[in-house]
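Following numbering that gives the first Met the number 0, the numbering of the sequence shown begins with 0 at its first residue and continues without gaps. Backbone N, C-alpha and C define an ideal beta-carbon position, used for all residues, glycine too.
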Amino acid sequence: MAICSGAVPLSREDHAELLAVLASDADPLIAERAQNAALMLPVEAYLAAIARSDADAHVFAYCADYLGEKPGIPDALAKNPGCPPACVARVAPGLTAAGIQGLLDNLERFVADPLLVAAVAKCPGASATQKEMLGELEKGAVSMIELCEAAAEIEPDPVKRETLMQRVTHMNVVQRLTLALKGGRTERMLLIRDPNKLVQRAVLQSPRLTDSEVEAFSAMTNLTGEILRQISATRIFMKNYAIVKNLVNNPKTPLDVSLHLFPRLTPPDLLKLTSNKNIPETLRTTAQKLHRKRKAGG
Numbered sequence: 000m001a002i003c004s005g006a007v008p009l010s011r012e013d014h015a016e017l018l019a020v021l022a023s024d025a026d027p028l029i030a031e032r033a034q035n036a037a038l039m040l041p042v043e044a045y046l047a048a049i050a051r052s053d054a055d056a057h058v059f060a061y062c063a064d065y066l067g068e069k070p071g072i073p074d075a076l077a078k079n080p081g082c083p084p085a086c087v088a089r090v091a092p093g094l095t096a097a098g099i100q101g102l103l104d105n106l107e108r109f110v111a112d113p114l115l116v117a118a119v120a121k122c123p124g125a126s127a128t129q130k131e132m133l134g135e136l137e138k139g140a141v142s143m144i145e146l147c148e149a150a151a152e153i154e155p156d157p158v159k160r161e162t163l164m165q166r167v168t169h170m171n172v173v174q175r176l177t178l179a180l181k182g183g184r185t186e187r188m189l190l191i192r193d194p195n196k197l198v199q200r201a202v203l204q205s206p207r208l209t210d211s212e213v214e215a216f217s218a219m220t221n222l223t224g225e226i227l228r229q230i231s232a233t234r235i236f237m238k239n240y241a242i243v244k245n246l247v248n249n250p251k252t253p254l255d256v257s258l259h260l261f262p263r264l265t266p267p268d269l270l271k272l273t274s275n276k277n278i279p280e281t282l283r284t285t286a287q288k289l290h291r292k293r294k295a296g297g
């Protein structure tokens, strides 16, 4: 009861979290007093509480049930990967583009709760690009023709290839997201070329993804510029020199990305770039200028 009255010295986030826990206490008297006290706390206390990586599940549920219309609460719930997808789904109408992006950057949460997909897809706060991507989530199975060429390249055994194709082409988008996140190397090598952008993103978010796979992706000229840009925007990938070099030499890499990365090349690789006829002329001439400058000691 001292916690409810504020007599115990606590940080505002600890106070908010403890009141949220007590608000669901089995003792109705304690629960009622905690609920009344919880309503007196400023919303900033709850924002601080749900931002913590070790936040208690009760504070997520309390905020979703009682504070979902308060500014900032929906986005804060969406941005914390520890928040149950069901809680985010309940506050989805209040999400801004920033909160939605937090979900798109962690697609495993969509996989965990299909209801979240439906809730966020109707969110009025989504940007035009996000609406397009959320629309991708509601699409059905992929055409076998669209993945046939990719499957032939990664699985030489015709029997295994047919089994893989039959398995993937019967999956909807959420099922392919699950496979991209949790499947093996063969599945990732196939799904990185899935026509659905979110499935491609899920491959790059897979906890099982290896450096050697990303090195292979960065050299592929049949991937979209968008997915190559995403590789370049992932800090851990950019620590791998081979990936950087592949992106710079890949003609499908967006020019602004290549121009940003090419100064990181070693002198021998920069020299090779100056004579690469497959890359844009702007990149090649800029590389030539840098090579001459370095050679002159500038």
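- Message: Tell me the DSSP secondary structure of S257 in three-state form.
- Response: If DSSP states are grouped into helix, strand and coil, S257 belongs with the helices.
- Note down, in chain order, each residue of its chain lying with its Cβ closer than 7 Å to the Cβ of P41, except the 5 sequence neighbours on either side. Correct list: empty, nothing qualifies.
- Query: Which class does A1 belong to by DSSP, given the choice of helix, strand or coil?
  - Reply: For A1, the predicted model reports a pLDDT of 46, less than 50, meaning its position is unreliable and no value from the coordinates is stated.
- Task: Let me know if A36 comes out buried or exposed under the rule of 16 or more other beta-carbons within 10 Å of its beta-carbon.
- Result: Buried, because 16 or more other Cβ atoms sit within 10 Å of the Cβ of A36.
- Query: Using the C-alpha atoms, what's the distance from L246 back to H259?
  - Reply: Linking H259 to L246 through their CA atoms gives a straight-line distance of about 11 Å.
- Task: Report the three-state DSSP secondary structure of K130 (helix, strand or coil).
- Result: Note: K130 maps to helix in three-state DSSP.
- Query: So the alpha helix (DSSP H) I226 belongs to, where does it begin and stop?
  - Reply: Its alpha helix (DSSP H) spans residues G224 to S231.
- Item | Runs of alpha helix (DSSP H) wholly within the stretch 48-128 (minimum 4 residues, chain order) | As for any alpha helix (DSSP H) of minimum length 4 sitting wholly inside the stretch 48-128, the runs are 56-65, 72-78, 84-89, 96-103, 107-111 and 113-120, ordered along the chain.
- Task: Classify M39 as buried or exposed, calling it buried when 16 or more other Cβ atoms lie within 10 Å of its own Cβ.
- Result: So M39 counts as exposed.
- Nearest to L94 (by Cα), restricted to the options L106, A118 and R108: Ranking L106, A118 and R108 by CA distance to the CA of L94 puts A118 first.
- H290, enclosing alpha helix (DSSP H) - first and last residue: Annotation for H290: the continuous alpha helix (DSSP H) segment containing it runs E280 to K294.
- Task: Could you round the C-beta distance between E135 and N195 to whole angstroms and report it? I think they count as a contact, below 8 Å.
- Result: Their Cβ separation, rounded to whole angstroms, is 5 Å, which keeps E135 and N195 in contact under 8 Å.
- Proximity winner among A33, E16 and L28, relative to A48 (alpha-carbon distances): Checking every option, the nearest Cα to that of A48 belongs to E16.
- Item | Span of the alpha helix (DSSP H), counted from its first residue to its last, around L176 | Judged by DSSP secondary structure, L176 falls within the alpha helix (DSSP H) whose first and last residues are V172 to K181.
- For F261 versus A286, is the C-beta distance shorter than 7 Å? Yes. Within cutoff.
- CA-CA distance, L203 and T168? L203 and T168: Cα-Cα distance of roughly 20 Å.
- Is it right to say C147 is buried, meaning 16 or more other beta carbons lie within 10 angstroms of its own, or is it exposed? It is exposed - the Cβ of C147 has fewer than 16 other Cβ atoms within 10 Å.
- Distance between beta carbons of A201 and L176, contact taken as under 8 Å: Contact between L176 and A201 holds: their C-beta atoms lie close to 5 Å from each other, under 8 Å.
- Delimiting residues of the alpha helix (DSSP H) encompassing A241: Unbroken alpha helix (DSSP H) run through A241: Y240 to N248.
- Query: Looking at the structure shown, is S205 part of a helix, part of a strand, or coil, going by DSSP?
  - Reply: S205 falls in the coil class under three-state DSSP.
- Query: By DSSP, does N35 sit in helix, in strand, or in coil?
  - Reply: The answer is helix: DSSP assigns N35 an H, G or I state.
- Message: I need the DSSP call for R234, collapsed to helix, strand or coil.
- Response: Assignment of R234 by DSSP, reduced to helix, strand and coil, places it in the coil class.
- Item | For A22 and E31, the rounded distance between their alpha carbons | For E31 and A22, the gap between their C-alpha atoms comes out near 7 Å.
- Same chain, Cβ closer than 7 Å to A50, five either side skipped, listed in chain order: The residues are A75 and N79.
- Task: With a 10 Å radius around its C-beta and 16 neighbouring C-beta atoms as the bar for buried, classify N277 as buried or exposed.
- Result: With fewer than 16 neighbouring CB atoms inside 10 Å of its own CB, N277 falls in the exposed class.
- Exposed or buried, E280, counting other C-beta atoms within 10 Å across all chains shown (16 or more means buried)? Exposed.
- Message: Do V256 and S231 count as a contact pair if the criterion is CB distance below 7 Å?
- Response: In contact: S231 and V256 (Cβ atoms closer than 7 Å).
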